[in-house]
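S.K.: What follows is a structure written as structure tokens; I'll ask about it next.
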Ligand SMILES: [Zn+2]
């Protein structure tokens, strides 16, 4: 049995499988891994000077100037074969949920229903004073094109996109749910995450402690490689469709 078939067999036998995804999921959608060396995004700025909640409150203009090109890319990106494959596995009842470190919303665009976004997302923004929440869509022009800072229609204060910045707590409910799924799962499929960013990187270990089997698909090695049942150092966009196909889910063309 090759590794693809072995992964498919583990998923086929699972009663409660979950996927954990990271930046590698979206590279084929044209979104660079913002944290990886060479992508440039973090190299030009000190994240704590720009992308922390303290910096945001001190100087929102700088934050929006910095995030604007990234947000434009995130909001226009389209899912790739890896996203479609996970959505198919969920539709076939073979995975119960996707826990993701990504803020690009591509799992939902591909049709995944149960998505836990532990680093938040760009669909909504929250007023930093009155805490009202608004759909980002209505501020897209200010946010992306005009070069301004979006303001709360109710109280006039600055709106912060619902992504988790440095110095901010992760969304408690989402993290609690992610941990609950992790403790309950019998198979965890880690896809496109190098498992370097806390606390999501601890979830495979938690799953393992509760007896789950692990399938790792990532270009680079991870610290959990030798504890996994199946480890594939490959691009998720190449491998996940093959696993989905080997599970018997119908292969669909989206491009
Ligand atoms: Zn407000």
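Residue numbers (the working numbering): 389 to 643. All C-beta atoms in this analysis are idealised placements derived from N, C-alpha and C, irrespective of residue type, glycine included.
1) Quick check: the stretch 512-531 against the stretch 401-418, are at least 3 beta-carbon pairs closer than 8 Å?
2) Quick check on the DSSP output: the alpha helix (DSSP H) that includes residue 400 runs from which residue to which?
3) Bridge partners of residue 539, per DSSP?
4) Name, in chain order, the residues that DSSP records as bridge partners for residue 573.
5) Using DSSP with H/G/I as helix, E/B as strand and the rest coil, what is residue 637?
6) Helix, strand or coil: which one does DSSP assign to residue 513?
7) If you draw a straight line from the C-alpha of residue 498 to the C-alpha of residue 468, how long is it?
8) Beta-carbon separation of residue 507 and residue 474 under 8 Å?
9) Provide the residue span of the beta strand (DSSP E) that contains residue 603, from first to last.
10) Secondary structure at residue 530, three-state DSSP: helix, strand or coil?
11) Residue 505 bridges to which residues according to DSSP?
12) Let me have the residue list for ligand 1: C-beta closer than 6 Å to any non-hydrogen atom, ordered along the chain.
13) Could you tell me the distance, in whole angstroms, from the CA atom of residue 545 to the CA atom of residue 450?
14) Would you check if the distance between the CB atom of residue 617 and the CB atom of residue 402 is smaller than 8 Å?
15) If you run the structure through DSSP and keep just helix, strand and coil, what is residue 440?
16) Are there three or more Cβ pairs, one per stretch, closer than 8 Å when the stretch 522-533 is compared with the stretch 456-464?
M.R.: Judging by the given coordinates:
1) Result no; under three Cβ-Cβ pairs closer than 8 Å.
2) 391-401
3) 546
4) In DSSP, residue 573 forms no bridge with anything.
5) coil
6) strand
7) One C-alpha to the other measures close to 8 Å.
8) no
9) 601-605
10) helix
11) 488
12) 515, 517, 518, 520, 540, 542, 543 and 545
13) Straight through space, the alpha carbons of residue 450 and residue 545 are spaced by roughly 16 Å.
14) no
15) strand
16) Verdict: yes, contact present.
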